[in-house]
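Chains A and B are the protein sequences, given in the same order.
Read in order, the letters of the first sequence correspond to residues 1 to 463 in my numbering.
Read in order, the letters of the second sequence correspond to residues 1001 to 1463 in my numbering.
Report on one structure; see the data block that follows.
There are 2 protein chains.
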Amino acid sequence: MNADLINQLQLVLPESRILTGDQLKDRYSHIWYMEDSLNALCVTLPESTEQVSSILKICHKNNAKVVVHGGLTNLVGGTETNADEVVISLERMNQIEEIDSDSRSITVQSGVILETIHEAVADLGLLFPLNFGARGSAQIGGIISSNAGGLRVLKYGMTRKLVLGLEAVMADGAIINSMKKIIKDNSGYDLKQLFIGSEGTLGIVTRAVLKLEEAPSSRNVAYLAVNDYKSVVKLLKFFDQGLAGKLSGFELIWRNSYEQMTSTSDAVRPPLPYDYEYYILIEALGSQSEQDQAEFQSLLETTVEKEMILDAVMAHSPSDVEWFFRIREDVNNLTDHMKHDQHFDISLPVALIGGYIKDAYKKLKLIKGVEQIYAFGHVADGNIHFIIGKENTGDSLRLEINDIIYSGLKAIGGSVSAEHGIGLHKKAYLNISRTPEEIQLMKTLKTAMDPNGILNPGRIFDV
Amino acid sequence: MNADLINQLQLVLPESRILTGDQLKDRYSHIWYMEDSLNALCVTLPESTEQVSSILKICHKNNAKVVVHGGLTNLVGGTETNADEVVISLERMNQIEEIDSDSRSITVQSGVILETIHEAVADLGLLFPLNFGARGSAQIGGIISSNAGGLRVLKYGMTRKLVLGLEAVMADGAIINSMKKIIKDNSGYDLKQLFIGSEGTLGIVTRAVLKLEEAPSSRNVAYLAVNDYKSVVKLLKFFDQGLAGKLSGFELIWRNSYEQMTSTSDAVRPPLPYDYEYYILIEALGSQSEQDQAEFQSLLETTVEKEMILDAVMAHSPSDVEWFFRIREDVNNLTDHMKHDQHFDISLPVALIGGYIKDAYKKLKLIKGVEQIYAFGHVADGNIHFIIGKENTGDSLRLEINDIIYSGLKAIGGSVSAEHGIGLHKKAYLNISRTPEEIQLMKTLKTAMDPNGILNPGRIFDV
């Protein structure tokens, strides 16, 4: 049966575009584990939407399971593959098809790497605002399938808001072409929404039209410090109102995380002393350098006058900006001294974050085996990351920690995954974020759109 | 069977919440045709999600068709009802459940009127940015079901971008509760997207959590004039870049439309002379009165210096602002002198609008029976409205006009409905906006989620 399947695939793909056996040795299923060879029935490397469609028609007819590969940076097991699974890797569909600077859109195949998009539009004074650490590897198809977020969601939105048009291939090979570059289209169901964030379980994204923004030319950055969470919320509202559309970052760092983040080298020396409970990194993007700086400074002064903050420092040069952001972004400063680490990506209503994290710290400290607890995150988006250092990788400790971080989320309308998705790794906790009726409806959709259950099987839920 | 159905409904609803027979005389199915009594089997007036669920369970079991009523302002026949159909009107579910000014969200039942939401949040310095002419009647359930747009889409997005959480009841009575007030949630499929813009065919929206914005406090408005469409696009990019998030309106009015809009009374006298081909109404919303005005004025001056415009006038008082907007918004100035009128709401890529409309004018002028042609619209959103004056209401003339406006849209990736939806009236043109595979997938979804086809039957497409 497997040999027969490969024979059938060979009829629709050039020989060099199907890898089997020893050819899989150089392939991996995650960018962090490049030393581990890929376990798969075969890897197919389509170069067109029609080839993706042909491959899927064959897999659908043969009930062959398919796992979709992009840049392999997924954080929840989305690209883990077994020996009986066909890999479809979009890496050869890596063409930028059009940049339309009047309609502010770029049309790309799904194998294009995020950073390539950034570079392609920069010279035109345009910006594709999605940005995160893995930009040099992550492909746009995977980014769309996982509705990635990142650093500038506050101003520009998650991936879902940046997709104007989409092409996807369904499990049976049908090509759904919704490749419009228009902003408004209320003609029937907005089908692209089904493929964004569904982790490749409802269809394979093959092409997209992405929204571009006019690039900002001014950037103002500061660290602020306060001692109570209520002040954090008040400051968020104050700057969001005062900066009227320019506020692009509002990152919160808890005191102990800040101390660790700023203590490993001079490159991350502390911009503010270790005297406060909360440190806020704030960023504004605008287009009038002088006025924007004056406005930002004046807003900061108002927070001092009104005693809304205890301390503040503004970046005065590009190297200051880099320094300020390096503190927040270089997660290695938190993990390097850990024996083992466990990461979280939860979201909850902004007003409730302070109390929730306080409570979690208290409970985590009581657990034997928990050695470090660091919280920080995109607080304006209600999105908090936790990194827990622990003494062993056993299931018992892992589950105990999960339980503390996740269990209170259901009652307050939070989510076990703000950005990273569910994949294979968070399946057991889906029912904290979602009701039984919601999960049933997900299954109804999956069954209707992929009746043989071949696409990224077992991701998000089991049918 | 009908009597039996009503008996069953009476078991789950108080007597006063089911209207039949003569009680329907005071009801209508559209706010523009209040003199026409409603034709329906009965009207049900649920007061809770559970009652909506109970009604739908009965209708599902009995294969009884259901039409959902909100504020009855729909423009594409969404609420037209027949004698064998059960109406579910959400008017009694009109409670604002919570305003959370920290998380910037409002939780409402779906019968709440848009203007009521505006008023409820204004005192808190917050804004629900969705706004359009029917705000005094339109209910939020219908607004969500039709993904309404309106005046400030450029800055704040259509309804889809403003819905954080949603509750909907499916055809079989299952309640899908996704009432989270969080901004990021990548835990499984984003089910609310299915109910937004699907015109009540996949479920009935019963409650929602809506995103609020900090209210802006400065508003700058101007009219600009140019003679070629390329300059329009250039100006859009210039102001979008220069105003960095504050640009909230960029409305284009074609010369002949402008002449008509500004000639009926002193209240709409022309702010600029009748010397140009295109008139642009531009609006910026900010929060620093003095700086914002100076910045807006300085950008205007730059457009003069760089010869990007031929003429401009800025509003210098709130009454100027009102005057400038009245010109654009009071559509009666266009329709009052028409024998009959036909309206359009198309969208297309921004860069192609100039040529497309020019061509449409040329073709329309050749048609016997076409008496006036007025184009104007939200050009930044690629959304143009056409109002055609014509001598008769015959099908032949109507279809001939439709053909000219719609037929070129397919080739350039446009849409026959930017904002208003498809409903019953635009069904014949759905295939211009969407491919056969897309329409097939819509039917697959409809069949999976409403297997008996009871919800708003015949809207968008026939199964």
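Don't be surprised by glycine CBs; every beta carbon is placed ideally from N, CA and C.
Taking the alpha-carbon positions, what's the residue i to residue j distance?
i: A/Val209; j: A/Gly286; result: 25 Å
i: A/Ile204; j: B/Glu1115; result: 42 Å
i: A/Tyr189; j: B/Glu1301; result: 44 Å
i: B/Asp1275; j: B/Leu1224; result: 12 Å
i: B/Phe1128; j: B/Asn1186; result: 24 Å
i: A/Phe470; j: B/Ile1183; result: The requested residue 470 of chain A is not part of the displayed model; chain A covers only 1 to 463.
i: A/Leu166; j: A/Leu310; result: 47 Å
i: A/Ala174; j: B/Val1331; result: 44 Å
i: B/Ala1064; j: B/Glu1419; result: 30 Å
i: A/Gly150; j: A/Val163; result: 15 Å
i: B/Leu1364; j: B/Gly1389; result: 11 Å
i: B/Phe1344; j: B/Glu1035; result: 25 Å
i: B/Asp1172; j: B/Gly1021; result: 26 Å
i: A/Ile327; j: A/Val313; result: 14 Å
i: B/Lys1410; j: B/Val1416; result: 9 Å
i: A/Gln469; j: A/Glu371; result: In the structure as shown, chain A starts at 1 and stops at 463, and residue 469 of chain A therefore has no counterpart that could be examined.
i: B/Met1093; j: B/Tyr1156; result: 27 Å
i: A/Arg434; j: A/Phe296; result: 40 Å
i: B/Arg993; j: B/Leu1005; result: Because chain B here runs from 1001 to 1463, residue 993 of chain B falls outside it and cannot be looked at.
i: B/Ile1031; j: B/His1060; result: 28 Å
i: B/Leu1191; j: A/Phe461; result: 15 Å
i: B/Phe1132; j: A/Gln193; result: 25 Å
i: B/His1385; j: A/Met442; result: 37 Å
Three-state secondary structure (DSSP) at residue i?
i: B/Ala1122; result: helix
i: B/Ser1298; result: helix
i: B/Met1034; result: coil
i: A/Ile67; result: Reading off the sequence, residue 67 of chain A comes out as Val, not Ile. Residue state, collapsed to three classes: strand.
i: B/Ser1105; result: strand
i: A/Met442; result: helix
i: A/Val12; result: coil
i: B/Asn1002; result: helix
i: B/Asn1131; result: strand
i: A/Ile18; result: strand
i: B/Thr1073; result: coil
i: B/Phe1376; result: strand
i: A/Glu305; result: helix
i: A/Thr159; result: helix
i: A/Ser257; result: helix
i: A/Ala138; result: coil
i: B/His1060; result: helix
Answer yes or no: the CB of residue i versus the heavy atoms of the ligand FMN, is any distance below 8 Å?
i: B/Ser1101; result: This structure lacks the ligand FMN, and indeed carries no ligand of any kind.
The segment 1209-1233 of chain B: positions lying closer than 7 Å to chain A by Cβ:
Only Glu1214, Pro1216 and Val1233 from the segment 1209-1233 of chain B bring a Cβ to less than 7 Å from some Cβ of chain A.
Which residues, taken in chain order from the segment 412-423 of chain A, show a beta carbon closer than 9 Å to some beta carbon of chain B?
Gly413, Gly414, Ser415, Val416, Ser417, Ala418, Glu419, His420, Gly421 and Ile422
Below 8 Å, can you find three or more Cβ-Cβ pairs linking the segment 139-146 of chain A to the segment 1367-1377 of chain B?
With the cut-off at 8 Å, the segment 139-146 of chain A and the segment 1367-1377 of chain B do not touch.
Can you confirm whether the segment 1213-1224 of chain B touches the segment 233-248 of chain A when touching is taken to mean that 3 or more C-beta pairs between the two stretches lie within less than 8 Å?
The segment 233-248 of chain A makes contact with the segment 1213-1224 of chain B; the number of CB pairs closer than 8 Å reaches 3 or more.
Secondary structure, beta strand (DSSP E): runs of 3+ residues fully inside the segment 1383-1440 of chain B:
Counting whole runs of 3 or more residues, the segment 1383-1440 of chain B contains the beta strand (DSSP E) stretches 1383-1390.
Under 9 Å (Cβ pairs) to chain B, residues found in the segment 15-46 of chain A
Hits within the stretch: zero.
Tell me which residues of the segment 1137-1151 of chain B have at least one Cβ-Cβ distance to chain A shorter than 8 Å, keeping chain order.
Only those residues of the segment 1137-1151 of chain B whose C-beta falls short of 8 Å from the nearest C-beta of chain A are listed: Ser1146, Asn1147 and Gly1149.
Check whether the segment 68-82 of chain A touches the segment 414-428 of chain A, taking contact to mean three or more Cβ pairs, one atom from each stretch, closer than 8 Å.
yes
At a CB distance below 8 Å, what residues from the segment 164-188 of chain A approach chain B? Give them in sequence order.
Gly165, Met170, Ala174, Ile175, Ile176, Asn177, Ser178, Met179, Lys180, Lys181, Ile182, Ile183, Lys184, Asp185, Asn186, Ser187 and Gly188
Looking at C-beta atoms only, is the number of pairs between the segment 1264-1278 of chain B and the segment 1249-1256 of chain B that lie closer than 8 Å three or more?
yes
Cβ contact (3+ pairs, closer than 8 Å) linking the segment 1342-1358 of chain B and the segment 87-102 of chain A:
yes
Interfacial residues, the segment 1045-1077 of chain B to chain A, with Cβ spacing under 8 Å:
none
Report yes or no: do the segment 332-343 of chain A and the segment 58-72 of chain A share at least 3 C-beta pairs separated by less than 8 Å?
no
The segment 31-45 of chain A / the segment 82-89 of chain A touching (three or more Cβ pairs under 8 Å)
Taking a contact to require three or more Cβ pairs closer than 8 Å, the segment 31-45 of chain A and the segment 82-89 of chain A qualify as touching.
Please go through the segment 1171-1229 of chain B and give each complete alpha helix (DSSP H) segment of 4 or more residues, from N-terminal end onward.
1192-1195
Which residues, in order along the segment 239-262 of chain A, keep a beta-carbon less than 7 Å from a beta-carbon of chain B?
Asp240, Gln241, Gly242, Ala244, Gly245 and Lys246
Can you give me, in chain order, the residues of the segment 74-108 of chain A that have a beta carbon less than 7 Å from any beta carbon in chain B?
Asp100, Asp102 and Ser103
Could I get the ranges of all uninterrupted beta strand (DSSP E) runs contained in the segment 260-293 of chain A, with 3 residues as the minimum, in chain order?
278-286
Short of 7 Å Cβ to Cβ, which residues in the segment 1361-1387 of chain B face chain A?
Asp1381, Gly1382 and Asn1383
Identify each residue in the segment 1435-1462 of chain B for which the Cβ-Cβ distance to at least one residue of chain A is less than 8 Å, and report them in chain order.
Thr1435, Glu1437, Glu1438, Ile1439, Gln1440, Leu1441, Met1442, Thr1444, Leu1445, Thr1447, Ala1448, Met1449, Ile1460 and Phe1461
Any residues in the segment 1001-1012 of chain B with a beta carbon nearer than 9 Å to a beta carbon of chain A? Which ones, in chain order?
none
Using a Cβ cut-off of 8 Å, which residues of the segment 1106-1134 of chain B contact any Cβ in chain A, in chain order?
Gly1125
What are the residues of the segment 1289-1307 of chain B that lie near chain A, defined by any Cβ-Cβ distance shorter than 7 Å?
Gln1291 and Glu1295
Residues in the segment 1340-1351 of chain B having any Cβ partner in chain A nearer than 8 Å
The segment 1340-1351 of chain B vs chain A, Cβ under 8 Å: Ser1347, Leu1348, Pro1349, Val1350 and Ala1351.
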